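Per my numbering, the very first residue in the sequence shown carries number 285; after that it's consecutive. Heads up, the beta-carbon is just placed ideally off N, CA and C, and yes, glycines get one too. In this text the structure is predicted, and so the values were computed from the model without any measurement. One structure is given here, and the rest of the page talks about it.
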Amino acid sequence: MMVVLLMSGIAGAGVYVMKLRADNATLKANQIELEKGIEAQTKLIEQQKVDFEAIMESNKKLNVLVQTFKKDLDELDKRFNKKKRDVGKLAIERSKSVERVINKGSAEATRCVELASGAERTEQELKATKKSEINTMCPSLANPNFVPYE
């Protein structure tokens, strides 16, 4: 009877050790998976930090561009609201001059839209430094080398 009890105890201990080994293998596999997940999440967080910095840099550039456009708009507003103007009367009295001014302004405004949409600046636009050479509708966008003198 004692032998049977001893054999049962040894067999039970063997089964218990086998179960512990199986549990240990499962825990090791789970730990490996968790470490892989942590590594992937760490990489993702690092990439998100890089993306966030890029977004912030783009946002700064965009804010500078918006401020430049706002300044240009204010300057145009001042230019057109200096004094009372009757464009209709002026167009009747000096039709050729008004036509020339309107056509030039339309061409410059069209070029501003092209540049704002991503078009490349021409060599002439890049080299413009005199007030007579610049695009008066959007000088800061079309003529980056122009420094206004006041």
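**Q.** Touching by the beta-carbon criterion (3+ pairs, under 8 Å), the region 414–429 and the region 394–403
**A.** yes
Q: Whole angstroms is fine: what's the gap from E407's alpha carbon to T352's?
A: For this step, residue 407 is matched to residue 123 along the sequence shown. For this step, residue 352 is matched to residue 68 along the sequence shown. Near 22 Å, if we compare the C-alpha coordinates of T352 and E407.
Q. When DSSP labels each residue in this structure, what does E429 get in the three-state scheme?
A. Here residue 429 refers to the residue found at position 145 of the sequence shown. One detail in the question is off: residue 429 reads as Asn in this sequence, not Glu. Of the three classes helix, strand and coil, the one that applies to N429 here is coil, per DSSP.
Q. Do R384 and N419 have their C-beta atoms within less than 7 Å of each other?
A. On the sequence shown, position 100 is the one that residue 384 refers to. On the sequence shown, position 135 is the one that residue 419 refers to. Not closer than 7 Å, so no.
Q | Spatial distance of E330 from L304 (CA atoms) | A | Working through the sequence shown from its first residue, we reach residue 330 at position 46. Working through the sequence shown from its first residue, we reach residue 304 at position 20. When rounded, the distance between both Cα atoms is 38 Å.
Q) When the Cα atoms are used, what is the spatial distance from K377 to A412? A) Here residue 377 refers to the residue found at position 93 when the sequence shown is read from its first residue. Here residue 412 refers to the residue found at position 128 when the sequence shown is read from its first residue. The amino acid occupying residue 377 in the given sequence is Glu; Lys does not appear at that position. If you take the alpha carbons of E377 and A412, they lie about 33 Å apart.
Q. Do A375 and M421 come within 7 Å of each other at the CB atom, strictly closer than that value?
A. On the sequence shown, position 137 is the one that residue 421 refers to. On the sequence shown, position 91 is the one that residue 375 refers to. No, Cβ-Cβ distance for M421 and A375 is not below 7 Å.
Q.
Quick check on R401: does DSSP put it in helix, strand or coil?
A. As a working mapping, residue 401 is identified with position 117 in the sequence shown. The displayed chain sequence assigns Ser, not Arg, to residue 401. Residue state, collapsed to three classes: coil.
(Q) Does the CB of K355 have a neighbour CB from chain D at under 7 Å? (A) The question asks about chain D, but that chain is absent: this structure has only one protein chain.
**Q.** Contained beta strand (DSSP E) runs [length at least 3] in the region 287–347, N- to C-terminal order
**A.** none
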